[in-house]
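Visitor: The structure is given below, and queries will be raised subsequently.
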Amino acid sequence: MSKNLTPVTPRGAPLVRGNKSHKNTYAPRKKSFWKRLMNQKALLLMSLPFVIWLIVFRYIPVLGWIMAFQDYKPQNGFLGNEWVGLKHFRDLFNEPIFYRALENTIGMGLLGLVFGTISAILFALMLNEMRFIRFKKITQTISYLPHFVSWVIVANIVTTMLSLEGPINDLLTSLGIFDGPLNFMAQPNLFWGIVTSAEVWKSTGWNAIIYFAAMAGIDPQLYEAAKVDGASRVRQMWHITLPSIRAVIIVLLILSIGNLINIGFEKQMLLGNNIVTDKAIVIDLYALNYGIGMFRYSFGTAIGIFKSVVSVILILIANGFAKRIGEGRVF
Amino acid sequence: MKKQKVTAFDIVLLVFMVGVVVVTLYPFLNILAISLNDATDTTRGGLHIYPREFTWANYSQIFGGNDRLLSAFGMSVLRTVVGTITGILASTMLAYTLSRRDFVFNNLFSFILVITMFISGGLIPEFLLIRELGLMNNFLVYILPLLLNAFNVIVIRSFMDNIPMALTESAKIDGANDFTIFWKIVIPLSLPVIATVSLFLAVGQWNNWFDTYLYARGNANLSTLQFELMKILDNTQLSSGDITSGNAEYVAGQTNPQSIQMAITIIATVPILMVYPFLQRYFVTGLTLGAVKS
Chain G
1 MSKNLTPVTP RGAPLVRGNK SHKNTYAPRK KSFWKRLMNQ KALLLMSLPF VIWLIVFRYI
61 PVLGWIMAFQ DYKPQNGFLG NEWVGLKHFR DLFNEPIFYR ALENTIGMGL LGLVFGTISA
121 ILFALMLNEM RFIRFKKITQ TISYLPHFVS WVIVANIVTT MLSLEGPIND LLTSLGIFDG
181 PLNFMAQPNL FWGIVTSAEV WKSTGWNAII YFAAMAGIDP QLYEAAKVDG ASRVRQMWHI
241 TLPSIRAVII VLLILSIGNL INIGFEKQML LGNNIVTDKA IVIDLYALNY GIGMFRYSFG
301 TAIGIFKSVV SVILILIANG FAKRIGEGRV F
Chain C
1 MKKQKVTAFD IVLLVFMVGV VVVTLYPFLN ILAISLNDAT DTTRGGLHIY PREFTWANYS
61 QIFGGNDRLL SAFGMSVLRT VVGTITGILA STMLAYTLSR RDFVFNNLFS FILVITMFIS
121 GGLIPEFLLI RELGLMNNFL VYILPLLLNA FNVIVIRSFM DNIPMALTES AKIDGANDFT
181 IFWKIVIPLS LPVIATVSLF LAVGQWNNWF DTYLYARGNA NLSTLQFELM KILDNTQLSS
241 GDITSGNAEY VAGQTNPQSI QMAITIIATV PILMVYPFLQ RYFVTGLTLG AVKS
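Laid out in structure tokens, this is it:
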């Protein structure tokens, strides 16, 4: 299954090049390019429409990046706009809201990365140590469930749980921690924490799968040897299980660091409101509100380009760091 | 390995895991209880995992009283069915041609596909493209932009790579053309991966609310359950987003918006629970396959 990792690997028949000159110097079935194509009309029919789809829906939007260097107005079409150089980027860097959005994005991104990774590893470790096989299976099954429901539903759940008469306020009041119910959703300082908790709740079980799978591949003899040496279960987890999945952890960390700025806007848009907006505005939401909401298309595109550039830089830094500490790097 | 004694450590783990299960399931049960409870009674608070005054009223509001929610439910189902079928047809066809090493455009098309995993135009250019293509407020906006996904195609293609050549070769000698081979041999042999990808496509379609928000807000007929839920959520929160419809329209009758909101949440969750056992069986394979890829 792992033979053909990347579909770009050249394999089998050579492409167009050298077709005229070779004169049977190649292996037998060398028909001319056109002859082979004529025999593959069905294949062409089954792929060409989708390749055209890829060009239209995936490549043309990238060409749209030129808008960031123009004053794009819909009525002018794509080509008839005035070139303005880096004006939109300068505007962007002069907007205080942009820095707030950047701070919120990185802040919530980091919190999600740290707590998401820790909770997933911890959960996988615990699950791996479980002895009661039946209960272990049931727990794992239940733990995936929140991953498959939409953020709209999760946002609903979160606001219900945290509402004034909701269970969390109920619990904290009856334990005497709060004097009266607290309106969680209206506390700007709690917003990052709420988003992070929601994310941990939604994705811990799912993210743990990959660590759990890595743990299943550890040689049982290591544990046997440790047992003979008298290592406790906790020490085995620390000295065998965790080091064995180190490479997986690092690869996943590198990938998520690249995505630190691509945290999206769903959570913030669905959980946020006017009171907490200072803590809730993130880059994508900013691009959505300004770029589409206020018809500043060029400005919005500039935000998108900024995001892509930062994301590439982040992944290069993370990759270089992993190379330095001598661990599995991504490329 | 010999059977070991249950130690204190095991008990601690067990308690922790029970905690995880409770924290995961409690919110769903709580919402189920509210949705099945009398709306006026709910406002007293203190509901946990079973309803105090049982009623179906909140659900009959959705399926009886409110045309809009019923139509949103229908649209959610429709987009999920159509989107999944078209998506899986497109992905398998492209994947098949790319698994054929003798296909003259194999390398070129593979390259075009793989590049899309690394580049993205971003929100605004995609929005403008959809508008230029005239897809705004059009049902096709749920289908066309989501037709293909490079990752899915690659997962299917690696599965097809493992189908023995002998099968397809012999069919070819019997005079079958490439399309017949695809339809009669490759598809039936690829059912496990097709099941996995279909389920993922279906969940993605069912859960999507953002494309309705961005592209289809202007056409009430295209509203989906997730989008209706998002609007109610938006209104119950303190925000004054740009969506103007108040919750008043839902209040007609004896239920309150919160109870309706919970009932919609349950209706939107149940289909996920229904495909869940199937998902469960397949997705681990799909995921490990993906892990090998990256």
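Protein sequence lines, in the order shown, are assigned to chains G and C. Oh and the first sequence: position 249 is 249 in the UniProt record's numbering, straight run, nothing missing. Oh and the second sequence: position 50 is 50 in the UniProt record's numbering, straight run, nothing missing. Every residue gets a Cβ at the ideal spot worked out from N, C-alpha and C, and that includes glycine.
#1: Mapping DSSP to helix, strand and coil, what is Asp179 of chain G?
#2: In chain C, which residues lie with their C-beta within 7 Å of the C-beta of Leu37 of chain G?
#3: From the DSSP output, in three-state form, read off Asp102 of chain C for me.
#4: Let me know the secondary structure DSSP gives Lys23 of chain G once reduced to three states.
#5: In three-state terms, what does DSSP make of residue 297 of chain C?
#6: For chain C, is any of its Cβ atoms less than 8 Å away from the one on Phe178 of chain G?
#7: From the beta carbon of Leu129 of chain C, is the nearest beta carbon of chain G less than 8 Å away?
#8: Below 6 Å CB to CB, which residues in the same chain sit around Phe89 of chain G once its five sequence neighbours on both sides are set aside?
#9: Taking the alpha carbon of Pro51 of chain C as the reference point, which residue from C:Leu29, C:Glu132, C:Ser198 and C:Ser99 has its own alpha carbon closest?
#10: Is there a C-beta anywhere in chain G that falls below 8 Å from the one on Gln261 of chain C?
#11: Taking 8 Å as the CB-CB limit, is Gln40 of chain G close to chain C?
#12: Count the C-beta pairs between the region 299 to 314 of chain G and the region 84 to 98 of chain G that are closer than 8 Å, then say yes if the count reaches three, no if not.
#13: What does Gly64 of chain G touch in chain C if you count any residue whose Cβ is under 9 Å from its own?
#14: Does the beta carbon of Leu112 of chain C sit closer than 8 Å to a beta carbon anywhere in chain G?
#15: Rounded to whole angstroms, what's the CA-CA distance from Phe16 of chain C to Leu190 of chain G? Just pull it up for me.
#16: Should Gln75 of chain G go down as buried or exposed, given a rule of 16 or more other Cβ atoms within 10 Å for buried?
#17: Below 8 Å, how does it come out for the region 158 to 174 of chain C and the region 59 to 74 of chain C: are there three or more Cβ pairs, yes or no?
#18: Between G:Thr141, G:Leu63 and G:Leu285, which lies nearest to Thr204 of chain G when the distance is taken from Cα to Cα?
#19: I'd like to confirm the pairing. Which residues does DSSP put opposite Phe73 of chain C in its beta bridges?
#20: Is there a Cβ of chain C sitting closer than 8 Å to that of Glu165 of chain G, yes or no?
#21: Here's a check: name, in chain order, each residue in its chain whose Cβ is nearer than 7 Å to the Cβ of Phe212 of chain G, leaving out the five neighbours to either side.
#22: Among C:Phe139, C:Ile11 and C:Asp174, which one has its Cα closest to the Cα of Val81 of chain C?
#23: If we count Cβ pairs, one from each stretch, closer than 8 Å, do we get three or more for the region 94 to 107 of chain G versus the region 278 to 288 of chain G?
#24: Could you round the C-beta distance between Ser150 of chain G and Gln226 of chain C to whole angstroms and report it? I think they count as a contact, below 8 Å.
#25: Counting only the same chain and skipping the five closest in sequence on each side, list residues whose C-beta sits under 6 Å from that of Ile315 of chain G.
#26: By alpha-carbon positions, which one of G:Leu145, G:Phe33, G:Met237 and G:Phe321 ends up nearest to Val23 of chain C?
#27: Taking only beta-carbon positions, decide if His22 of chain G is within less than 8 Å of chain C.
#28: Candidates C:Leu36, C:Val20, C:Leu13 and C:Asn149: which alpha carbon is nearest Ile266 of chain C's?
#29: So what does DSSP say about Asn162 of chain C, is it helix, strand or coil?
#30: Pull up the CB-CB distance for Ser91 of chain C and Leu146 of chain C, whole angstroms please, since I reckon it's below 8 Å.
#31: How about Pro49 of chain G and Pro125 of chain C: are their beta carbons less than 8 Å apart?
#32: Does DSSP put Gln40 of chain G in a helix, in a strand, or in coil?
#33: Does DSSP put Phe132 of chain G in a helix, a strand or coil?
#34: State whether the region 179 to 193 of chain G contacts the region 266 to 279 of chain G, with contact taken as three or more CB pairs (one from each stretch) at a distance under 8 Å.
#35: Taking 8 Å as the threshold, find out whether the region 27 to 47 of chain G comes into contact with the region 171 to 191 of chain C through three or more Cβ pairs.
#36: Give a yes or no on whether 8 Å exceeds the smallest Cβ distance from Arg97 of chain C to chain G.
Guide: In terms of the structure at hand:
#1: Of the three classes helix, strand and coil, the one that applies to Asp179 of chain G here is coil, per DSSP.
#2: Residues of chain C passing the Cβ test: Val104.
#3: Three-state DSSP puts Asp102 of chain C in coil, outside helix and strand.
#4: For Lys23 of chain G, the pLDDT reaches just 44, beneath the cut-off of 50, and the residue's location in the model is therefore unreliable, although a value from the coordinates is still provided. Coil at Lys23 of chain G, not helix or strand.
#5: With chain C represented from 1 up to 294, any question about residue 297 of chain C goes unanswered, as that position is not in the structure.
#6: No, Phe178 of chain G lies away from the interface with chain C (no Cβ there is under 8 Å from its Cβ).
#7: True, the Cβ-Cβ gap to chain G drops below 8 Å.
#8: Answer for Phe89 of chain G: Ala302, listed in chain order.
#9: Of C:Leu29, C:Glu132, C:Ser198 and C:Ser99, the residue nearest in Cα terms is C:Leu29.
#10: At least one C-beta of chain G is nearer than 8 Å to the C-beta of Gln261 of chain C.
#11: With its beta carbon less than 8 Å from one in chain C, Gln40 of chain G belongs to the interface.
#12: Touching, per the Cβ criterion.
#13: One finds Gly121, Gly122, Ile124, Pro125, Glu126, Leu128 and Leu129 in chain C with Cβ atoms closer than 9 Å to the Cβ of Gly64 of chain G, taken in chain order.
#14: The amino acid at residue 112 of chain C is misidentified as Leu; the sequence shows Ile. Closer than 8 Å: yes.
#15: Distance from the CA of Phe16 of chain C to the CA of Leu190 of chain G, rounded to the nearest whole angstrom, comes to 26 Å.
#16: By the neighbour-count rule (16 or more Cβ atoms within 10 Å), Gln75 of chain G is not buried but exposed.
#17: When C-beta atoms of the region 158 to 174 of chain C are compared with those of the region 59 to 74 of chain C, fewer than three pairs fall below 8 Å, so the two segments do not count as touching.
#18: Answer by Cα proximity: G:Thr141.
#19: Per DSSP, none; premise fails for Phe73 of chain C.
#20: At least one chain C Cβ lies under 8 Å of Glu165 of chain G.
#21: Answer for Phe212 of chain G: Ala124, Leu127 and Asn128, listed in chain order.
#22: Sorting C:Phe139, C:Ile11 and C:Asp174 by C-alpha distance to the C-alpha of Val81 of chain C places C:Phe139 at the top.
#23: Between the region 94 to 107 of chain G and the region 278 to 288 of chain G there are three or more C-beta pairs closer than 8 Å, enough to call the two in contact.
#24: Yes, they are in contact, since the Cβ atoms of Ser150 of chain G and Gln226 of chain C sit about 6 Å apart, within 8 Å.
#25: Leaving aside the five residues that flank Ile315 of chain G on each side, the residues in its chain whose CB is nearer than 6 Å to its CB run, in chain order, Gly258.
#26: The residue with the shortest Cα to Cα distance from Val23 of chain C is G:Leu145.
#27: Only weak support exists for where His22 of chain G lies, its pLDDT of 43 falling under 50; the value from the coordinates is given anyway. At a cut-off of 8 Å between C-beta atoms, His22 of chain G does not count as an interface residue with respect to chain C.
#28: Measuring from the Cα of Ile266 of chain C, the nearest candidate turns out to be C:Leu36.
#29: Collapsing the DSSP output to three states places Asn162 of chain C in coil.
#30: Between Leu146 of chain C and Ser91 of chain C the Cβ distance is about 11 Å, and since that is not below 8 Å, they are no contact.
#31: The Cβ atoms of Pro49 of chain G and Pro125 of chain C lie no closer than 8 Å to each other.
#32: Coil.
#33: Phe132 of chain G falls in the coil class under three-state DSSP.
#34: Contact between the region 179 to 193 of chain G and the region 266 to 279 of chain G is established, with three or more Cβ pairs separated by less than 8 Å.
#35: The answer is yes - the region 171 to 191 of chain C touches the region 27 to 47 of chain G, with three or more Cβ pairs under 8 Å.
#36: Position check: residue 97 of chain C holds Thr in this sequence, whereas Arg was assumed. In terms of beta-carbon proximity, Thr97 of chain C lines the interface with chain G, with at least one pair separated by less than 8 Å.
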